[in-house]
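2 protein chains.
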Amino acid sequence: METNVARTPTVRSARVKRAKVTVHDVAREAGVSIATVSRALNAPDSVRKELRDRVVQAATALNYTIDSVGKALRRQRTQIVATLLPRLDDPMFAILASAIQETLVENNYVGFVQPSGFDNRTLHDCARNLVEKGAEGLIVFGKIDDPDLVNFAAAHDIPLVSVYSYYEDMAIPTFGFDNGAATEQLIAMLVQLGHERIAMISGPVEGNDRQAARVAVYREAMRRIGSEPVIEFIDMSFEPPDGALALRRIVSRHPEISALICNRDVIAFSVLAEAKKLGIRVPEQLSLTGFDDIDYAALFDPPLTTIAVPTEEMGRAAATSLIRHLESGAPLTGMRFETRVILRGSVSRPKPSLVRLP
Amino acid sequence: METNVARTPTVRSARVKRAKVTVHDVAREAGVSIATVSRALNAPDSVRKELRDRVVQAATALNYTIDSVGKALRRQRTQIVATLLPRLDDPMFAILASAIQETLVENNYVGFVQPSGFDNRTLHDCARNLVEKGAEGLIVFGKIDDPDLVNFAAAHDIPLVSVYSYYEDMAIPTFGFDNGAATEQLIAMLVQLGHERIAMISGPVEGNDRQAARVAVYREAMRRIGSEPVIEFIDMSFEPPDGALALRRIVSRHPEISALICNRDVIAFSVLAEAKKLGIRVPEQLSLTGFDDIDYAALFDPPLTTIAVPTEEMGRAAATSLIRHLESGAPLTGMRFETRVILRGSVSRPKPSLVRLP
DNA sequence: TTGAAAGCGCTAACAT
DNA sequence: ATGTTAGCGCTTTCAA
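Each protein sequence line maps, in turn, to chains L and X.
1 is the number of the first residue of the first sequence in the numbering used here; add one for each residue after it.
359 is the number of the first residue of the second sequence in the numbering used here; add one for each residue after it.
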């Protein structure tokens, strides 16, 4: 879109390596041994006040910065955790990443964040790269479907946790909620309002346990109430035209549909916009739901009914547990979170009038 | 909101340190020296094919993973870059972070991403922490207003670049656009449509060059056309009630306002929602603009007029330049990007009827 | 082409 | 309480 039109003057023509200040320099300056420098900086109480002050002063004077690479090599600990997410440029993932990164830094850790796509069957290479760069713990979004990753983590003693989806009795601890149960909540609400012809827009289910669980529960519910399942699968890289196209397909092929479940809020946003273009009134002619309750859901017109997911809490819990495990070998125990339906204006009782394309 | 109701069974009761596979193990297995192992893995061409194959085979058999900590200590290179952003849980920042992280990994780097707040006058501590954890290059969002950070980076030879805001002739290379010019574009468009009474909702300007530049240009423009500047400052941590309150203040104190510039799209979203509640018709009674053109801007009703910012391109350019500099000492040269007004339905010519609170 | 050996910066075991 | 020293895993001279 935009092109660069100008270039600032060059800043440094070459990378000049300045001599690095090390513990030896500080030790010399303070007139102590390198061990005392290390102690004064890491365990101040174990050093006499006078020496400690001299060390701190010397370190400040020389502008000393600890080299965590040397430290990490010696301690065999990096205090780095890596997070693998399908993508980062999407509110829900970004909120999760934000919660994780903040938790890490509060605990003197730092984190790599890597967008790795929606297919959890091929995470190994990405994870391996991050571990090789120093990650000593791994947080993965959703159910881990890659045996290579699981084996790799086990072989290298890298603790591995999963966030967002909850599973009982999994080898890998999960910090999340039950996607199927959440969809159940949504469908139960719609059914109670009187909806029977319900459609779904989902992402691909391959390697994506969240979408798979929601689709499965939806199919089962339709079977129960004797309705034909109507599902449109679209790419998960949020492209408004995809949502729009899916809506057009559904209303043209299944004009009897009275409610539409979108498996992500952002899909519902584009569907809502398209519905307006098509002259379909939401919720009068079509009830619409999203998933995740991202901030903007309440700001649309009508406000979007959706499932509230405790994204931030899950991220913090996963990161906190992982850190505790890394620090003190505390047992790594998954946690189940609850979701709830946020009923807003995009849903109403079904009206007798059917949806029709203009 | 949600509480955890269940706990999965414990996975590992203690962290058992498995003996680590090192170059020595691979060397022994392959019957070569550790030097040959290193060469076979890093510079295959310098090792006879037969030995090379033996090494690779041994490494695979032993499940060897290179330890980048040892490598980094020896090479004095980590291939880690850190990015400091005001926050991560917001679409525009998330898109930028995503572009940077992807660029890094494509170049065999990895990245720390740290939310560090909106005040660029106090970045030093955060940056120092990331450098101590191994970052050898730093990308900072917006103009760097912290002399401590600049001095620190210079003292430790840490290349430092700024992304999003462009400045000519800055000591630190900037990859961004001119925030003032962008606001000029917006105001020129509104003025051309006939607007004279224009208000602005901004974030705090302290330590935030983006907001400061936009406010300054706005004030100057109002002076030029002889209108009183009407500015509401709100917290930048997107809280819909803040935007709503700012709108109510503006229309109650200045009912003559015909256009409202919001310095972020997300603020405009909440203002738009509140306008509907108040019965203010957009754009008939009030023209509304945002900033950044995040994906959802086009999906609102009416679609939001805004400034398109090449977020992804800026992020990729900053990361690419930094990597090239790190790899080969290539000069670090800033780049200026262009913005443009995206005219959508939230803006129209001003109508004679004034905005009134219901 | 390959091997031996040094050493990156740090912490911790041991000695004093 | 402080100093001496070994060594974490790796790459890269230097020598063969």
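Quick reminder that beta carbons are idealized off the backbone N, C-alpha and C, glycines included.
Gly428/X sits away from Arg412/X, with the two beta carbons spaced by 9 Å or more. Annotation for Arg698/X: the continuous beta strand (DSSP E) segment containing it runs 698-700. Here the segment 622-639 of chain X does not lie against the segment 412-427 of chain X, with fewer than 3 beta-carbon pairs under 8 Å apart. The continuous stretches of beta strand (DSSP E) do not include Thr541/X, which lies in the alpha helix (DSSP H) extending over residues 537-551. Counting C-beta pairs closer than 8 Å gives fewer than three between the segment 92-101 of chain L and the segment 385-403 of chain X, which falls short of the contact rule. In this structure the segment 101-109 of chain L lies against the segment 305-321 of chain L, because at least three pairs of beta carbons, one per stretch, are closer than 8 Å.
Between the alpha carbons of Arg694/X and Asp536/X lies a distance of about 8 Å. Listed along the chain, the chain X residues whose CB falls inside 7 Å of the CB of Ile307/L amount to none; the nearest CB is some 11 Å away. Ranked by Cα distance from Glu338/L, the first of Asp25/L, Thr36/L, Glu313/L, Leu245/L is Glu313/L. Below the 7 Å Cβ cutoff, chain X contributes Thr423, Ile424, Ser426 as neighbours of Glu132/L, in chain order. Rounded to whole angstroms, Leu299/L and Ala631/X show a C-alpha spacing of 5 Å. Sorting Arg486/X, Ile530/X, Arg445/X, Ile608/X by C-alpha distance to the C-alpha of Ser68/L places Arg486/X at the top. A residue is called buried once 16 or more other Cβ atoms fall within 10 Å of its Cβ, and Glu586/X, having fewer, is exposed. By the neighbour-count criterion, in which a residue is buried when 16 or more other Cβ atoms sit within 10 angstroms of its Cβ, Lys277/L is exposed. The beta carbon of Leu193/L sits closer than 6 Å to those of Arg349, all from its chain and outside the five residues before and after it, given in chain order.
In this structure Arg48/L is exposed. Its beta-carbon is surrounded by fewer than 16 other beta-carbon atoms within 10 angstroms. Residue pairing of Asp292/L in beta bridges, as defined by DSSP: Ala308/L. At least one CB of chain X lies nearer than 9 Å to the CB of His156/L. Contact of Pro240/L with chain X by beta-carbon distance below 8 Å involves Asp653, Ala656, Leu657.
Look at Pro115/L here: in three-state DSSP terms it is strand. Contact holds between the segment 501-513 of chain X and the segment 476-485 of chain X, because three or more Cβ pairs, one in each stretch, are under 8 Å apart. It is roughly 10 Å from the alpha-carbon of Leu443/X to the alpha-carbon of Tyr522/X. By the Cβ test, the segment 686-693 of chain X is not in contact with the segment 130-142 of chain L, since fewer than three Cβ pairs between them sit closer than 8 Å. Only residues of its own chain outside the window of five on either side were considered, and among them Val699 have a CB closer than 6 Å to the CB of Met547/X, listed in chain order.
By a beta-carbon distance limit of 8 Å, Val563/X does not contact Ala557/X. Their separation comes to about 16 Å.
Per the C-alpha coordinates, the member of Ala540/X, Val588/X, Ala513/X positioned closest to Ala19/L is Ala513/X. In this structure, the alpha-carbon of Tyr467/X lies about 19 Å from that of Ile139/L. Contact between Asp651/X and Ile665/X holds, since their C-beta atoms are separated by about 6 Å, short of 8 Å. Positions of the beta strand (DSSP E) runs, each at least 3 residues long and wholly inside the segment 422-460 of chain X, are given as 438-443 in order along the chain. In the structure shown, Leu260/L adopts extended strand secondary structure according to DSSP, grouped into three states. In its chain, beyond the 5 residues on either side, Arg682 have a beta carbon closer than 7 Å to the beta carbon of Ala688/X.
The Cβ of Asn42/L sits no closer than 9 Å to any Cβ of chain X. Within a 10 Å sphere around the beta-carbon of Arg445/X sit 16 or more other beta-carbons, which makes this residue buried.
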